[in-house]
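Following: one structure in structure tokens, then a few remarks.
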Amino acid sequence: MSYKMIVLDMDDTLLTSDHTISPKTKEALLDAQERGYKVVLASGRPTFAMWDAARELELAKYGSFILSFNGASVINCETNEEIFSSTLQPDTVAHLHDISEREGIAIHTYVGNEIVTDRPNPYTDIEGELTGMSVIHVDNFKDAVTAPVVKCLMLADGDTLAPIETKLQEELAGKLAVARSKPFFLEFTEAGVTKGTSLAFLADQLGIAQKEVIACGDGNNDLTMIEWAGLGVAMGNANTTVKGKADFITKSNNEDGIAHVIETYMADVLVTQ
Numbered sequence: 362m363s364y365k366m367i368v369l370d371m372d373d374t375l376l377t378s379d380h381t382i383s384p385k386t387k388e389a390l391l392d393a394q395e396r397g398y399k400v401v402l403a404s405g406r407p408t409f410a411m412w413d414a415a416r417e418l419e420l421a422k423y424g425s426f427i428l429s430f431n432g433a434s435v436i437n438c439e440t441n442e443e444i445f446s447s448t449l450q451p452d453t454v455a456h457l458h459d460i461s462e463r464e465g466i467a468i469h470t471y472v473g474n475e476i477v478t479d480r481p482n483p484y485t486d487i488e489g490e491l492t493g494m495s496v497i498h499v500d501n502f503k504d505a506v507t508a509p510v511v512k513c514l515m516l517a518d519g520d521t522l523a524p525i526e527t528k529l530q531e532e533l534a535g536k537l538a539v540a541r542s543k544p545f546f547l548e549f550t551e552a553g554v555t556k557g558t559s560l561a562f563l564a565d566q567l568g569i570a571q572k573e574v575i576a577c578g579d580g581n582n583d584l585t586m587i588e589w590a591g592l593g594v595a596m597g598n599a600n601t602t603v604k605g606k607a608d609f610i611t612k613s614n615n616e617d618g619i620a621h622v623i624e625t626y627m628a629d630v631l632v633t634q
């Protein structure tokens with residue numbers, strides 16, 4: 362099969378555990394673009410927190426793309442044009458806040474380039490560290506969100522969030538998309554907006570067939586794109602659910618798993634040993 366696009370989750374997929382792109386993987390992705398393949402970064406991260414990796418991989422030079430906020434925004438890196446976006450209205454955010462209070466867990470969202478929460482917690486602090494965004498603690502969450510936002514996250518340890526994820530997927534079915542990107546991040550976007558749906562939109566815009574797409578990830582929020590793509594790839598460090606849905610299991614993010622995918626399925630690309 363001849364592929365034309367490779368789509369990469371960032372944390373625990375493209376990025377190693379120290380949040381860097383390994384030299385081998387970087388070289389392979391640059392060579393892939395040089396040979397005409399499209400590279401898409403598809404993350405739950407805000408767009409702001411994806412540009413460093415996009416610049417390192419020279420996505421603007423090669424006309425590649427960012428798919429951020431779990432698919433709620435799609436950016437053409439060459440033109441910096443947002444070609445797709447979706448948002449949550451303030452009343453929806455207020456409802457999610459009520460649910461977080463009911464469940465006794467924290468919630469945060471993004472206002473501008475800042476993370477806003479009314480319940481200080483270690484998981485929002487992790488998001489701040491991962492994204493490089495400032496964390497703002499407010500007294501009244503609902504009053505702080507007066508305009509549409511791209512997504513919200515509820516936060517707690519993985520054991521606490523697992524049953525809540527299942528519960529809210531049922532409760533909010535048809536109203537919001539609900540999925541965990543990490544064990545402690547439960548993410549909410551507009552109904553029907555996932556990495557998979559936005560990837561399908563982008564491929565259609567580019568005239569790339571579903572069977573010509575490779576999608577790689579490790580977490581539950583990657584399932585929609587892994588299941589949609591012609592070749593769905595689970596990282597060696599992915600959870601068992603993702604591995605069970607994938608067509609191929611590659612090496613871990615700390616073992617150049619992405620380079621291994623390229624070496625295996627994009628034979629014309631240079632992958633140094």
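When we follow the numbering used here, the leftmost residue of the sequence shown carries the number 362, and every step to the right adds one.
Here a beta-carbon is modelled for each residue, glycine too, at the ideal position from N, C-alpha and C.
| request: Might you give, ordered along the chain, the residues of its own chain that have their beta carbon closer than 8 Å to the beta carbon of Phe545, omitting 5 neighbours on each side? | output: Tyr484, Ile487, Leu516, Ala517, Asp518, Gly519 and Leu522
| If we call anything under 9 Å between Cβ atoms a contact, is Ala599 one with Ala607? | yes
| task | Classify Asn636 as helix, strand or coil using the three-state DSSP reduction. | result | The chain is shown from 362 up to 634; residue 636 falls before or after that span and cannot be answered.
| Using the rule of at least 16 other Cβ atoms within 10 Å of the residue's Cβ for burial, across every protein chain shown, is Gly465 buried or exposed? | exposed
| task | State the Cα-Cα distance for the pair Ala538 and Ser383, rounded to the nearest angstrom. | result | In this structure, the straight-line span from the alpha carbon of Ala538 to that of Ser383 is close to 32 Å.
| message | From the DSSP secondary-structure annotation, give me the bridge partner or partners of Tyr471. | response | Ile476
| said: Would Leu428 and Val506 be called neighbours here (beta carbons separated by less than 9 Å)? | reply: no
| Among Ser404, Leu376 and Thr381, the one whose alpha carbon lies nearest that of Leu584 | Taking only the C-alpha atoms, the option nearest Leu584 is Ser404.
| message | Using the Cβ count rule (16 or more neighbours within 10 Å means buried), how would you classify Gln571? | response | exposed
| task | Please report how far the alpha carbon of Leu457 lies from the alpha carbon of Phe502, in whole angstroms. | result | 11 Å
| Distance between Tyr423 and Glu395 (C-alpha atoms, nearest Å) | 7 Å
| message | Buried or exposed, going by whether 16 or more other CB atoms sit within 10 Å of the CB of Thr381? | response | exposed
| query | According to the Cβ coordinates, are Leu418 and Lys385 closer than 9 Å? | reply | no
| Are Met586 and Gly593 touching if we call contact CB-CB under 9 Å? | yes
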